């Protein structure tokens, strides 16, 4: 299978490496709006060819993967409609699904059925093709959100590719996907960015950050993430994210009341429930956990 | 030096192990309100003797360490006033300093000068003496907040003990200490507890938690912390914590407006500033970082 990779970052590079290692992709052509990234992917042996344009990258591809920030997927899909073979299966790795699906429907029209919306729950604190790894998806979830129009063989191809590199597949509706990840991924990113921004903006912020320990380090690790990627995610999923954020603010209002009233019972009850849930929680392996 | 350890948990056990390994403590007697914990410390070779009462533990000690939740320190200090030798140096490892100092002053009266308030910035996600390690403090900060009345030789003894096990000492005022750790430790704990509590309380909470990835895992690691310990910290430092929480809520109000208005510029600006600060941040080593 000839693969066209659009976006040569951590996730796209890892996907190309993983799909090749599992024998599912035989030849990979890469494109990136920043040409150096595609050249670096070539140097690292992750792609066979760095294409100068999207049109060139996808011309003879059997499968095309969108691995760019979700905000750029709409215009890329329009280019694919013009330049990709009609038989080519198109998929993505975006963190939001409802908006990307709407854009694919608008851009691909009659051939929308070849688009398989997907989201691998993997990543690492360190971005970029340099940190790409064929093992990134081993043991991870990959969520697919096929639509009624999506061709069954296209879904089968994409899910088989992912399963071949050790991922666990789960199908769900795009709306459920966006609600889940608003709560357990997008909101935590927003909170981590907000905390670092707040502390750094305070007059004694530098001194405060100097004495931060392991708790702060882990809590804010995701605040080192790419700002453009997360701006796009926040915008693309703003409906679900807005609801989760509003609920969280209500929760903080209650906590503020409990702190101000020195309400030991309310504080202990909330902390104990959270602690019990968190201690019982297990996570799928993610192999790119660097200490940032 | 004969050491009395009050509270045989992760921090107290690690302190005893570290001070012994560095040759600063020759004999350690331990006490815990849960006798099994002191017996476990004995079995693990971290203490030489498990005392049945506080009075017995401190009777002939040269140095007494309070390593219990901060909410219990007031009554412990009153017991020390009755039972400890007048020459004994008393110190603590509490995460808040202003309230503990006030309690020490009330309890110790004329002998308040022998109390050296201290806070090692170390810990681990896994609590309990089982996870104690003599290396826990290597490369970490230890904050001391001596008062005008604190005896210079008492401060010297405690700081020398900490330096001998590889910690970096920083003196500051108790108010500055409490302000700093409200921002970079106590508030993040509150937020992590609040997020896990919120998600777990939602009708689809279990399903949401099932698909949580590495970002959520790191962000909420501190939500597995001991609820009683953190209830006490939130109460003991509620003045500074309340201020930081209120500022954070204002920050979230702004973010809510930006998300709801799809304000790409505001979102990217905040994310980019936070990301830049966080990527530039370095942390002192902490050796007890388990994957919870």
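Residue numbers (the numbering used here), protein chains in the order written: chain U, 554 to 845; chain A, 554 to 845.
Where a beta carbon is used, it is the ideal one built from N, C-alpha and C, also for glycine.
In this text, all values refer to a predicted model and were calculated from it rather than measured experimentally.
Neighbourhood of residue i by C-beta distance below 8 Å, restricted to the same chain and skipping five residues each side
{"i": "residue 498 of chain A", "result": "The structure shown does not extend to residue 498 of chain A, since chain A spans only 554 to 845, so no value can be given for it."}
{"i": "residue 683 of chain A", "result": "593 and 597"}
Neighbour flag for residue i against chain A, beta carbons, 9 Å
{"i": "residue 690 of chain U", "result": "no"}
{"i": "residue 768 of chain U", "result": "yes"}
{"i": "residue 764 of chain U", "result": "yes"}
{"i": "residue 728 of chain U", "result": "no"}
{"i": "residue 783 of chain U", "result": "yes"}
{"i": "residue 741 of chain U", "result": "yes"}
{"i": "residue 753 of chain U", "result": "yes"}
{"i": "residue 736 of chain U", "result": "yes"}
{"i": "residue 744 of chain U", "result": "yes"}
{"i": "residue 638 of chain U", "result": "no"}
{"i": "residue 571 of chain U", "result": "no"}
{"i": "residue 732 of chain U", "result": "yes"}
Beta carbon proximity, residue i to chain U, threshold 9 Å
{"i": "residue 750 of chain A", "result": "yes"}
{"i": "residue 620 of chain A", "result": "no"}
{"i": "residue 693 of chain A", "result": "yes"}
{"i": "residue 684 of chain A", "result": "no"}
{"i": "residue 585 of chain A", "result": "no"}
{"i": "residue 566 of chain A", "result": "no"}
{"i": "residue 602 of chain A", "result": "no"}
{"i": "residue 757 of chain A", "result": "yes"}
{"i": "residue 723 of chain A", "result": "yes"}
{"i": "residue 761 of chain A", "result": "yes"}
{"i": "residue 747 of chain A", "result": "yes"}
{"i": "residue 696 of chain A", "result": "yes"}
{"i": "residue 699 of chain A", "result": "no"}
Local Cβ density within 10 Å of residue i, reported as buried at 16 or more and exposed below that
{"i": "residue 728 of chain U", "result": "exposed"}
{"i": "residue 785 of chain A", "result": "buried"}
{"i": "residue 702 of chain A", "result": "exposed"}
{"i": "residue 837 of chain U", "result": "buried"}
{"i": "residue 563 of chain U", "result": "buried"}
{"i": "residue 709 of chain U", "result": "exposed"}
{"i": "residue 586 of chain U", "result": "exposed"}
{"i": "residue 685 of chain U", "result": "buried"}
{"i": "residue 832 of chain U", "result": "exposed"}
{"i": "residue 757 of chain A", "result": "exposed"}
{"i": "residue 644 of chain A", "result": "buried"}
{"i": "residue 611 of chain U", "result": "buried"}
{"i": "residue 818 of chain U", "result": "exposed"}
{"i": "residue 605 of chain U", "result": "exposed"}
{"i": "residue 726 of chain A", "result": "exposed"}
{"i": "residue 588 of chain U", "result": "exposed"}
{"i": "residue 662 of chain A", "result": "exposed"}
{"i": "residue 724 of chain U", "result": "exposed"}
{"i": "residue 773 of chain A", "result": "buried"}
{"i": "residue 759 of chain A", "result": "exposed"}
Own chain partners of residue i with C-beta closer than 6 Å, once the 5 adjacent residues on each side are dropped
{"i": "residue 742 of chain U", "result": "775 and 783"}
{"i": "residue 578 of chain U", "result": "554, 556 and 572"}
{"i": "residue 608 of chain A", "result": "636"}
{"i": "residue 567 of chain U", "result": "685, 686 and 689"}
{"i": "residue 622 of chain U", "result": "781, 782 and 785"}
Cut-off 7 Å between Cβ atoms - residues of its own chain near residue i, not counting five sequence neighbours on either side
{"i": "residue 665 of chain A", "result": "657, 658 and 702"}
{"i": "residue 719 of chain U", "result": "690, 691 and 692"}
{"i": "residue 714 of chain U", "result": "572 and 577"}
Subject >> Contacting positions in the region 814-838 of chain U - beta carbon closer than 8 Å to chain A >> reply: From the region 814-838 of chain U, only 815, 817, 820, 821, 823, 824, 825, 826, 827, 828, 830, 831, 832, 834, 836 and 837 have a Cβ closer than 8 Å to chain A.
Subject >> Near-chain A residues of the region 604-635 of chain U (beta-carbon distance less than 9 Å), N- to C-terminal order >> reply: Taking 9 Å as the cut-off between beta carbons, the residues of the region 604-635 of chain U near chain A are 624, in sequence order.
Original post:
Going along the chain, which residues of the region 784-814 of chain A sit with their C-beta nearer than 7 Å to a C-beta in chain U?
Top reply: Within the region 784-814 of chain A, the qualifying residues are 784, 787, 788, 791, 794, 795, 798, 799, 800, 801, 802, 804, 805, 808, 809, 812 and 813.
**OP:** Tell me, please, whether the region 648-661 of chain A touches the region 591-608 of chain A by the rule of three or more beta-carbon pairs shorter than 8 Å.
**Re:** Output reads no: the region 591-608 of chain A does not touch the region 648-661 of chain A.
Original post:
Which residues, in chain order, does the region 644-677 of chain U contribute to contact with chain A at a C-beta distance below 8 Å?
Top reply: Sequence-ordered contacts of the region 644-677 of chain U with chain A read 674, 675, 676 and 677 [C-beta pairs closer than 8 Å].
Subject >> contact_flag[the region 755-770 of chain A, the region 659-676 of chain U] where n(CB pairs < 8 Å) is 3 or more >> reply: These segments touch.
**OP:** Could you tell me whether the region 619-633 of chain U touches the region 657-664 of chain U, using the rule of 3 or more Cβ pairs below 8 Å?
**Re:** Under the 8 Å Cβ criterion, the region 619-633 of chain U counts as touching the region 657-664 of chain U, having at least three qualifying pairs.
**OP:** Anything in the region 770-781 of chain A with a Cβ closer than 9 Å to a Cβ of chain U? List those residues in chain order, please.
**Re:** Residues passing the 9 Å Cβ filter: 770, 771, 772, 773, 774, 775, 776, 777, 778, 779, 780 and 781.
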